[in-house]
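Visitor: Quick one: the structure is below, and I'll ask about it shortly.
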Amino acid sequence: MKNDKTKINEILEKIFNMRTINKRITKESLNQNNEKLKKIYELLGKPCENKKIVHIAGTNGKGSTATFLENIFFAAGYSVAKFTSPHILRFNERILVNKEMISDEDVVKYCEAVMNVLEENGLQINFFEIATFVALLYFKEKNPDFIFLETGLGGRYDATNIVKSTIAAITNVSFDHVALLGNSLEKIADRKAGIIKNGQLCIYAQNLAELEEAVKRETDNSVNILEKYKGFQVELDNQNYKTIVKIVENESSKESGNIEKSENIEKINNNKNNLEKTFVLPLFGKFQANNFLIAYEIARIYGISDKVIQKGLDEISLAGRFEIFSKNPATILDVAHNDDSVKVLTENLNELFKDDEVIFVLSVLGTKDIANIFKRILEKNYKIFITSLKEVTYGLSAEEIKKNLENSNISTKNIIFEDDILQAYNQAKEMVLKKDNSYKAIVVCGSFYEIAKFKKLFL
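Here it is in structure tokens:
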């Protein structure tokens, strides 16, 4: 008889391999797939159809925003569910209820339920779409008060968009997955804003004309929290790797958007005019303030006090987001994997180190804008080790990345190409620990897969 570990490994391998055949993506094919997802949703009994759901889209920051919300609402006494992607070490990380991962047994149970529906109806969908249905079925059983749902890719045609949400949240829009989402900010913003349904409330966190226009096409009920809290200030606690956010409440910031006209919710607590509030985020980086402000605004809508908000923040731990893996030598893990997130990562590093004090250990997927990512890194005087992710889908070897850079006329003279991530890290560690070197920190980044591969070395 197979044990639970064997069962979950077998079924996960099966759904990992259920990737849709690559073909030219058209609006017609996207609409056809969307209709297929709706049919499967109905066949599964429309799980979570009438739940309170915050649907989160954006190029970067979705996972952090979902985690802020999860912890704040949990601290307020609500039962909460969260669906995010990708995972780092285990599939179960994607699906949480009350901050606890779904069990292996339940993964198998609900994967089999989805697979049975697919086989009975002669339907095929991809891995992420199956994972979404598994999460919805599990959440239906657990019946949480709130569900925080992160899109996988884009929004309008994403599997997560089959459910009716209560609030739409968009963190930001920048270039990533351009082959699938479009090669302009206007096109990408349109995909993200596609999560807004029936003129519902949308809260977003970017002063970008393309995003503002896309949101306004979908709803007249939106809040740009960067405008609403225009006077907010952000400071970094470099010693404790925390971010301090100061918000000034005034009359103009007391009004929140309506969730639903039929829903009667006390929108905010009564606050004195021009009252300054300070929150300490356990995640390092000025950009995290934007993600937090989305969560803060939603918490206010549901009447959650500032004290409880901070209590929730204090409980947050999020892997791969400027994660301090080691202090001797200083080793930072970050899932930055596109031009914009790498820009933010280098800005964070500037707060702590000089350029010649940092060594990068990274790899990237072949689907990424490799040239622009490395141009961003090579603007600095960082030492760089490039490793291999050849074993994962779309992963590249160090040599393949080298050829890609050379074809883009990018100099590789300051780069060491070493397929083995452990060898690369050990070399970097020797350089940091050597007394006559200027190096002080190692940064492992470039992909969720790179972080996963690194962490598995130390399990």
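The sequence shown begins at 396 in the numbering used here and counts up by one. All C-beta atoms in this analysis are idealised placements derived from N, C-alpha and C, irrespective of residue type, glycine included. The structure presented is a predicted model; accordingly, all values stated were derived computationally and were not measured.
Does DSSP put SER569 in a helix, a strand or coil?
Guide: coil
Visitor: Is PHE478 near LYS494, with beta carbons less than 8 angstroms apart?
Guide: no
Visitor: Taking the runs of the alpha helix (DSSP H) that are 4 residues or longer, which of them lie wholly in the region 681-752?
Guide: 683-696, 701-709 and 734-747
Visitor: Is it buried or exposed for GLN818, if we count other Cβ within 10 angstroms and need 16 for buried?
Guide: exposed
Visitor: In whole angstroms, what is the alpha-carbon distance linking LEU438 and VAL512?
Guide: 7 angstroms
Visitor: Using only CA atoms, which one of VAL640, LEU713, LEU532 and PHE748 lies nearest to ILE689?
Guide: VAL640
Visitor: Suppose you measure from the CA of GLY856 to the CA of VAL643; what does that come to, to the nearest Å?
Guide: A question about residue 856 goes unanswered here, because the residues of the chain that appear run from 396 up to 854.
Visitor: Just to confirm, are LEU595 and THR614 a CB contact at a threshold of 8 angstroms?
Guide: The residue asked about is misnamed: residue 595 is Gln in this sequence, not Leu. Yes, the pair counts as a contact, with Cβ atoms nearer than the cut-off.
Visitor: Which residues mark the beginning and the end of the beta strand (DSSP E) in which CYS840 is found?
Guide: 836-840
Visitor: Could you round the C-beta distance between LEU728 and ILE557 to whole angstroms and report it? I think they count as a contact, below 8 angstroms.
Guide: Contact flag wrong, Cβ pair sits at about 33 angstroms.
Visitor: Is it right to say ALA604 is buried, meaning 16 or more other beta carbons lie within 10 angstroms of its own, or is it exposed?
Guide: By the 10 Å Cβ count, ALA604 comes out exposed.
Visitor: Output the residue ranges of the alpha helix (DSSP H) runs that lie fully inside the region 756-788 and measure 4 residues or longer, sorted by chain position.
Guide: 765-773
Visitor: DSSP beta-bridge partners for VAL529?
Guide: Per DSSP, none; premise fails for VAL529.
Visitor: Could you check the C-alpha separation between ASN521 and PHE541 for me, to the nearest Å?
Guide: 26 angstroms
Visitor: Is it right to say LEU852 is buried, meaning 16 or more other beta carbons lie within 10 angstroms of its own, or is it exposed?
Guide: Classification of LEU852: exposed, given that the 10 Å Cβ count is below 16.
Visitor: Decide if the region 430-446 is in contact with the region 527-539; the criterion is three or more beta carbon pairs, one per stretch, under 8 angstroms apart.
Guide: yes
Visitor: Based on Cα-Cα distance, which residue from GLU630, ILE699, ALA694 and ILE693 lies nearest to LEU678?
Guide: With distances taken between Cα atoms, LEU678 lies closest to GLU630.
Visitor: In the structure shown, what three-state DSSP assignment does VAL558 receive?
Guide: coil
Visitor: What does DSSP give as the partner residues of THR807 in its beta bridges?
Guide: Paired residue(s): none; THR807 is not in a bridge.
Visitor: Looking at C-alpha atoms only, which residue of PHE720, VAL759 and ILE719 is the closest neighbour of VAL737?
Guide: VAL759
Visitor: What would DSSP say about CYS443, mapped onto helix, strand or coil?
Guide: coil
Visitor: Less than 8 angstroms between the beta carbons of GLY453 and ASN619, yes or no?
Guide: no
Visitor: Among ASP831, VAL449 and ILE811, which residue has its Cα nearest to the Cα of SER783?
Guide: ILE811
Visitor: What residue range does the beta strand (DSSP E) around TYR599 cover?
Guide: Its beta strand (DSSP E) spans residues 597-599.
Visitor: What would DSSP say about LYS400, mapped onto helix, strand or coil?
Guide: helix
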